[in-house]
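S.K.: Numbering (the working numbering), first residue to last: -4 to 483. The structure under discussion is supplied below as structure tokens; questions concerning it will follow.
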Ligand SMILES: [Ca+2]
């Protein structure tokens, strides 16, 4: 208690509040898997996301949030470590388990735990739901040991974490390369895993609300990650004819040089019955509708958790973060997936509500990054911030939506792929199979859909952005074949 009071006295003011008047805030961190910026609150007209839109109206809406690595485990590593990747394993899905011992001074949950918080991870927070490695992700060592008071998955018909992650209706597991990428089952919300996550989250939230100790509760939902599967009624919310088609230039495979890839996660991990979304307009619409339906389904489950919080914490002493771990290309650049450095792979929702937030519902267009979340949360909770973090607290944008970005956004992919995003430009540097560097430059002021590589016409901008990219050291060790294999 003495420590708690001491920290309380040191609290810098939360936005618009006197910190000493309040107990330390709790943190509800909601991760949504593979959620691109397809929310109504982010201006997407065909989205049906009433729950997240309502939450956004009470929060700060970051329209330009970028992740560090466009794949689940590596994006979460950057989140929890609060740093850009520094070794090749940290751009792969196994990076948390294989590199956590070298992370130095803690990680986000461990830091909170060290400063008096109980820390909980339910569902998919690290790469493996429940935070275990091994066969079917349930019998190996913890991915991030020493960090969570408890890390777990609900008990469900899918039984194993790996089946829960890729589950079809009523406990049916995925068969890689065979089962379909889409499913609409005419049944209740509990036909799919996220309803079970929401149930378990609400149940535990009730328990935590009775405790006088502060808590950090991370809840990880699975949709809209593939397979795009949800109860039929969420599909019925979406008329496929009303989901806008991509402009042909936006759907085209980029001209060489580019970091284009053949969307292995979508094309190889599922059975398509010979259908090909780039060649079959009806299939394109079905896939995009199924993604939108999966977003609507997870929206409803997140809404149940937020409704419970309203009842359990009427004073609003909980910081709530809604975060997408990266985006997803639904045919942009002829890619159906995320493993690339284009805009829609890296941009994802970030909504933050903090006690005393003013101008709730206002948007910040500042470029912000996933690595900013760690220092933002320590700042808002009045904890010290570890010195080594690469991000910056977003308090400025929470206090004043028009506050500018502190820095450009950076992202990483494979051993040599890097990108830097400024308000106007994106530079992408990748390496061709023969080792030659490939440079792409996009000018969002004149080409918001990234259809023209203008690197040749703007050598000065390329040079300036390459110099900024070089400020972050290159990844330091060769990727092992195992780490490389896990990336895709
Ligand atoms: Ca993901």
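Beta carbons: idealized from backbone N, C-alpha and C, even for Gly. These numbers were taken from a predicted model, which means no experiment stands behind them.
Residues bridged to residue 53 by DSSP?
M.R.: In DSSP, residue 53 forms no bridge with anything.
S.K.: If the criterion is Cβ atoms closer than 8 Å, does the pair residue 77 and residue 369 meet it?
M.R.: Yes; because the gap between Cβ atoms is below 8 Å, this pair is in contact.
S.K.: Does the segment 253 to 266 come close enough to the segment 172 to 181 to have 3 or more Cβ pairs within less than 8 Å?
M.R.: Counting Cβ pairs under 8 Å, three or more are found: they touch.
S.K.: According to DSSP, simplified to helix, strand and coil, what is residue 21?
M.R.: Strand at residue 21.
S.K.: If you measure from the beta carbon of residue 282 to each beta carbon in chain C, is any gap under 8 Å?
M.R.: Of the protein chains in the structure, only one exists, and it is not chain C.
S.K.: Could you compute how far the alpha carbon of residue 399 sits from the alpha carbon of residue 359?
M.R.: One C-alpha to the other measures close to 9 Å.
S.K.: Using 8 Å for Cβ pairs, my map puts residue 65 next to residue 334. What's the rounded Cβ distance?
M.R.: About 6 Å separates the two Cβ atoms, so the contact holds.
S.K.: Below 8 Å between beta carbons: does that hold for residue 116 and residue 146?
M.R.: A contact, by the Cβ cut-off of 8 Å.
S.K.: Does ligand 1 have even one heavy atom less than 7 Å from the beta-carbon of residue 29?
M.R.: Result yes, Cβ under 7 Å from ligand 1.
S.K.: Kindly give me the distance between the Cβ atoms of residue 512 and residue 347, rounded to whole angstroms, as I take these residues to be in contact under 8 Å.
M.R.: The structure shown has nothing for residue 512, since the chain only spans -4 to 483.
S.K.: Checking the sheet assignment: what are the DSSP bridge partners for residue 194?
M.R.: Residue 194 pairs with nothing; no bridge assigned.
S.K.: Just to confirm, are residue 33 and residue 42 a CB contact at a threshold of 8 Å?
M.R.: Yes, Cβ-Cβ distance for residue 33 and residue 42 is below 8 Å.
S.K.: Note the first and the last residue of the continuous beta strand (DSSP E) segment covering residue 184.
M.R.: No beta strand (DSSP E) holds residue 184; DSSP gives it neither H nor E.
S.K.: Among the candidates 220, 118, 258 and 135, whose CA atom is the shortest distance from the CA of residue 196?
M.R.: Cα-wise, what sits closest to residue 196 is 118.
S.K.: Report the residue from 91, 159 and 85 whose alpha carbon sits nearest the alpha carbon of residue 185.
M.R.: The residue with the shortest Cα to Cα distance from residue 185 is 159.
S.K.: Using DSSP with H/G/I as helix, E/B as strand and the rest coil, what is residue 147?
M.R.: Strand at residue 147.
S.K.: Using only alpha-carbon positions, find the residue among 199, 149 and 191 that is nearest to residue 293.
M.R.: It is 191 whose Cα lies nearest to the Cα of residue 293.
S.K.: List the whole-angstrom C-beta distance separating residue 44 from residue 291, where the pair is believed to meet the contact cut-off of C-beta under 8 Å.
M.R.: With a Cβ gap of about 6 Å, residue 44 and residue 291 count as contacting.
S.K.: List the endpoints of the continuous beta strand (DSSP E) containing residue 433.
M.R.: Counting along the chain, the beta strand (DSSP E) containing residue 433 begins and ends at 432 to 438.
S.K.: Tell me which same chain residues have a C-beta within less than 7 Å of the C-beta of residue 201, skipping the five on either side of it?
M.R.: Around residue 201: 307.
S.K.: Use the C-beta contact count for residue 170: other C-beta atoms within 10 angstroms, 16 or more gives buried, fewer gives exposed.
M.R.: Exposed is the call here.
S.K.: Under 8 Å, with one C-beta from each stretch per pair, do the segment 269 to 288 and the segment 226 to 241 reach the 3-pair mark?
M.R.: Yes, they touch.
S.K.: Taking the beta carbon of residue 198 as the centre, do at least 16 other beta carbons fall within 10 Å, making it buried, or is it exposed?
M.R.: Residue 198 should be labelled exposed.
S.K.: Between which two residues does the alpha helix (DSSP H) harbouring residue 423 extend?
M.R.: Residue 423 -> not in any alpha helix (DSSP H); beta strand (DSSP E) instead, spanning 420 to 426.
S.K.: Please report the residue range of the alpha helix (DSSP H) in which residue 263 lies.
M.R.: First-last of the alpha helix (DSSP H) with residue 263: 259 to 264.
S.K.: Suppose you measure from the CA of residue 63 to the CA of residue 50; what does that come to, to the nearest Å?
M.R.: Approximately 25 Å between the Cα atoms of the pair.
S.K.: Do residue 26 and residue 215 count as a contact pair if the criterion is CB distance below 8 Å?
M.R.: Contact flag set, yes.
S.K.: Note down the Cα distance separating residue 209 from residue 22, rounded to an integer number of angstroms.
M.R.: If you take the alpha carbons of residue 209 and residue 22, they lie about 8 Å apart.
S.K.: Looking at residue 335 and ligand 1, is the gap between the Cβ and the nearest heavy atom below 7 Å?
M.R.: Checking every heavy atom of ligand 1 against the Cβ of residue 335, none is found closer than 7 Å.
S.K.: Determine which residues share a DSSP beta bridge with residue 28 and list them.
M.R.: Looking at the DSSP assignment, residue 28 forms a beta bridge with 219.
S.K.: Hey, how far is the Cα of residue 463 from the Cα of residue 127?
M.R.: Between residue 463 and residue 127, the C-alpha separation is close to 37 Å.
S.K.: With a threshold of 16 other CB atoms inside 10 Å of the CB of residue 441, please say whether the residue is buried or exposed.
M.R.: With fewer than 16 Cβ atoms within 10 Å of its Cβ, residue 441 is classed as exposed.
S.K.: Would you mind sorting residue 100 into buried or exposed? The rule is 16 or more other CB atoms within 10 Å of its CB.
M.R.: Per the 10 Å Cβ criterion, exposed.
S.K.: Should residue 320 be listed as close to ligand 1, given that the test is whether its C-beta is under 7 Å from any heavy atom?
M.R.: Because some heavy atom of ligand 1 lies under 7 Å away, the Cβ of residue 320 counts as near it: yes.
S.K.: By how many angstroms is the C-alpha of residue 311 removed from the C-alpha of residue 342?
M.R.: Looking at the two C-alpha atoms, the distance is approximately 28 Å.
S.K.: Go ahead and pull the three-state DSSP assignment for residue 282.
M.R.: Looking at residue 282 - three-state DSSP - the assignment turns out to be helix.
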